[in-house]
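Encoded as structure tokens, the structure appears first; notes follow it.
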Amino acid sequence: MTASLTGALDFSLPPGLSAHEPPEARGTARDAVRLMVSRGDLDPLHHRFADLPRLLDPGDLIVVNNSATLPAAVRLDRLAVHFSTAREDGTWLVELRRRTSKASEPYGGGEPGEWLPLPGRATLRLIERETPRLWRAELDRDVKRYLRGHGVPIRYSYVERDWPIEDYQTVFATVPGSAEMPSAARPFTADLVAALVARGIGIAPITLHTGVASPEKDEPPYAERYDVPGPTARLVNLTRQNGNRVVATGTTVVRALETAVGADGRVAASAGWTRHVVTPELGVRAVTGLITGLHEPRSSHLLMLSAIAGENVLARAYEAALRERYLWHEFGDTHLILQS
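1 is the number of the first residue of the sequence shown in the UniProt record's numbering; add one for each residue after it.
Take a look at the structure:
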């Protein structure tokens, strides 16, 4: 089946290019997934992720998200509840989904004040709609502890079976809180991190807890909790000052750093909630490169990629990815975008 790109934000994705399982289940090591490299006006180059140390320079900095993935889906007989985002008052944003033979699909039901019985004799109370898709709700016990006993990782129809929560963690995952895996960092391994450090490439963390995605329809990202610590902010500024690259690992890292950058172009320690949406009109000021997966047609993430790469570069890269049959989604292949 062929596909055509009609612009960087609108293309057809053949079903055969969805990664249905972790690469390890396909006989491929985590760091052996494919890596497409886009660098300015040059044609995309094709590597393996393990080649990353030689694709960057000593003095470059890779910023990673240390958020760990929760088993955020709780299944009932006919419905599933996806726990998305913890609020400061102890409530959570949740998505209700109707279970299907393959996975689940959006469910438009529910009423304010309704009580839903969950496994383990837990009860979830719907408070009010936060968005057309998400409810603000309250569980009658600690959510993270409850999910450890009764939740499973969120999966969508292109992933054909459940996989253990360990398959949804990155090597950097230390702070539990993400509804879905910050997947751009999944191909990193301990050996690859050691090779990067040995080459003189720095690695620094931020935290941003991802909410649930919207695979059935494009929606702008909503507020997410983040933390850019002081040492990471200083390393970003020093790297830029020295003329080296700041390479974000994932759109979550871009969102956090671009939230924390000031009018002077310097990143400051910052934490809280971000509603910042990176677009080509706003551009980027903190990052000069991005490690990312391959994103859905018309996704808001592609606006961010366009802001970093430029729409023509991004269109050429996605044409190459489709032609070379790269794999999409969280268990798929990867893309390194460098501005220079």
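Note that the Cβ used here is the ideal one computed from N, Cα and C, for glycine as well. Quantities reported herein were computed from a predicted structural model and do not represent experimental measurements.
Straight-line gap, residue i to residue j (C-alpha atoms, nearest Å)
i	j	result
D41	H82	41 Å
T252	V193	20 Å
H276	S270	13 Å
R34	R323	14 Å
A309	L56	17 Å
S67	I165	14 Å
F331	I337	19 Å
A198	I127	52 Å
T239	N65	18 Å
F11	T123	42 Å
R99	Y156	11 Å
D51	P58	14 Å
R225	R39	31 Å
R121	G177	23 Å
P119	V143	13 Å
L76	N242	54 Å
M36	P15	20 Å
Q339	G202	18 Å
W135	L45	43 Å
R97	N244	45 Å
W328	S18	5 Å
R316	D43	8 Å
V74	S104	12 Å
T274	Y107	27 Å
S84	Y318	29 Å
H47	P23	16 Å
residue 341	R234	Nothing about residue 341 can be read from this structure; the chain reaches only from 1 to 340.
V261	G200	25 Å
E281	G272	24 Å
Beta-carbon proximity check, residue i vs residue j, cutoff 8 Å
i	j	result
A204	T170	no
Y222	T279	no
F49	T288	no
A179	T207	no
A258	V159	Inspection of the sequence shows that residue 258 is occupied by Glu rather than by Ala. Not in contact: E258 and V159 (Cβ atoms no closer than 8 Å).
A184	P53	no
L294	A321	yes
P71	R148	yes
residue 392	F188	Since the first residue shown for the chain is 1 and the last is 340, residue 392 is missing from the structure and cannot be characterised.
T292	V63	no
T69	A173	yes
A286	V246	yes
V254	V212	no
R125	E138	yes
Option nearest residue i by Cα separation, candidates the options
i	options	result
P229	T249, K144 and V267	V267
E111	I291, R133 and A122	R133
L116	R87, A103 and R78	R78
E296	Y326, L282 and T274	Y326
D227	S299, M181, A256 and G90	A256
S214	E95, H47 and D264	E95
R186	Y168, A80 and R26	Y168
L13	S299, E311 and G151	S299
Helix, strand or coil at residue i [DSSP, three-state]
i	result
Y156	coil
A263	coil
residue 342	Outside the shown range of the chain, which is 1 to 340, sits residue 342, and nothing can be said about it.
Y222	coil
I165	helix
T239	helix
F331	coil
D77	coil
T292	strand
H11	At residue 11 the sequence reads Phe, which differs from the His that was named. Note: F11 maps to strand in three-state DSSP.
V284	coil
D57	coil
residue 350	The structure shown does not extend to residue 350, since the chain spans only 1 to 340, so no value can be given for it.
R325	coil
R148	helix
R129	strand
A268	coil
V193	helix
A179	coil
S306	helix
A185	helix
Residues bridged to residue i (per DSSP)
i	result
E95	H82 and L134
H47	L35
V277	None, per the DSSP bridge assignment.
D140	In DSSP, D140 forms no bridge with anything.
D89	Paired residue(s): none; D89 is not in a bridge.
A122	L118
G202	L61
T207	D227
L338	R39 and G289
T249	I291
P106	R97
S18	W328
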